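Read through the structure below, which is laid out as structure tokens, and then see the notes.
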Amino acid sequence: MESVNTNQKSYTSLIWILSIAIPVVVAILIFTPEKIQGAGDWVYMLPHLNATFNTLTTIVLLLGLYFIKQKNIRAHKSMMSIAFTLGSLFLVSYVIYHSTADSTVYGDVNGNGVLEEAEKTGKLMFWRGFYVVILLSHILLAAIVVPFVLFAFYYALTDKIEKHKKIVKWTFPIWLYVSITGVIVYGMVSQYYLN
2 MESVNTNQKS YTSLIWILSI AIPVVVAILI FTPEKIQGAG DWVYMLPHLN
52 ATFNTLTTIV LLLGLYFIKQ KNIRAHKSMM SIAFTLGSLF LVSYVIYHST
102 ADSTVYGDVN GNGVLEEAEK TGKLMFWRGF YVVILLSHIL LAAIVVPFVL
152 FAFYYALTDK IEKHKKIVKW TFPIWLYVSI TGVIVYGMVS QYYLN
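Each step along the sequence shown adds one to the number in my numbering, with nothing skipped, and position 123 is 124.
Listed below in structure tokens is the structure:
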């Protein structure tokens, strides 16, 4: 029994460490002015790949919901495992991109990385405001959902189904929102990608 409690505490500690480390590392990579050099032009394909990961995650999450409503636990587990894998691949791709390339600025028509006065037109600023609200909610909830997703998987894998059910009531809608808004953000900013 003591071994089980020790393992549970170890996994719980690991989940909290990852839940703090992931957003911190991502923030450092995004806000560090110096990017890692020498990665090559292939990194400019990563935002498109990330949008694909988010689209597939949305579809798979909805399939996971459908299967659990049908009481098809095996298919549900498969879909949620695929969603978790897609999310992990997204995270790796996202970190590689933001550690090697500057972020694209919404409304930066001339592609110089700065929103200049001439680019701050009325209609464009309205859509930029909408974009920023969606982007900020996406980023904030993406950071918040990490421990919930990890605990949901931990509870499912350790057959703590009641705890799993309680946590996914909050986790699922947040995760779905993050994946959908990831696609929306990409769709809005992709017209400003240079490569």
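Yeah, the Cβ is synthetic: ideal placement off N, Cα and C, and Gly gets one too.
Treat the numbers as computed from the prediction; the structure is a model and nothing was measured.
Check	Outcome
Report the option in GLY188, TYR156 and VAL184 whose CA atom is closest to the CA atom of MET81.	TYR156
Judging by CA-CA distance, which residue of ILE69, PRO24, VAL61 and VAL186 is the nearest neighbour of ILE135?	VAL186
What first and last residue would you give for the alpha helix (DSSP H) that runs through GLU163?	162-190
Determine whether the beta carbon atoms of ILE18 and PHE152 lie at a separation below 8 Å.	no
Check whether the Cβ atoms of VAL169 and ILE23 sit closer than 8 Å, and answer yes or no.	no
For the candidate residues THR33, PHE91 and ALA76, whose alpha-carbon lies nearest to that of THR56?	PHE91
Give me the Cβ distance between LEU87 and PHE173, rounded to the nearest whole Å; I'm assuming they're in contact under 8 Å.	Not confirmed; about 15 Å, so no contact.
Leaving out five residues on either side along the sequence, give the residues of the same chain with a beta carbon under 7 Å from the beta carbon of SER20.	VAL147, PRO148 and LEU151
When you compare only the Cα positions, how much space is there between ILE97 and ASP42?	12 Å
For LEU63 and LYS124, I'd like the C-alpha separation in whole angstroms.	34 Å
Return yes when the Cβ of LEU142 is within less than 8 Å of the Cβ of VAL184, no when it is not.	no
Within a Cβ cutoff of 6 Å, which residues of the same chain sit near VAL190, ignoring the five residues on either side of it in sequence?	THR105 and TYR107
First and last residue of the alpha helix (DSSP H) that includes ASN55?	47-70
If you measure between the beta carbons of ILE1 and THR101, is that distance less than 8 Å?	Nothing about residue 1 can be read from this structure; the chain reaches only from 2 to 196.
Quick one: what's got a C-beta closer than 7 Å to PHE68's C-beta in the same chain, skipping five residues either side?	ALA76, HIS77 and MET80
Measure the C-alpha to C-alpha separation of ASN111 and GLN71 and round it to an integer number of angstroms.	51 Å
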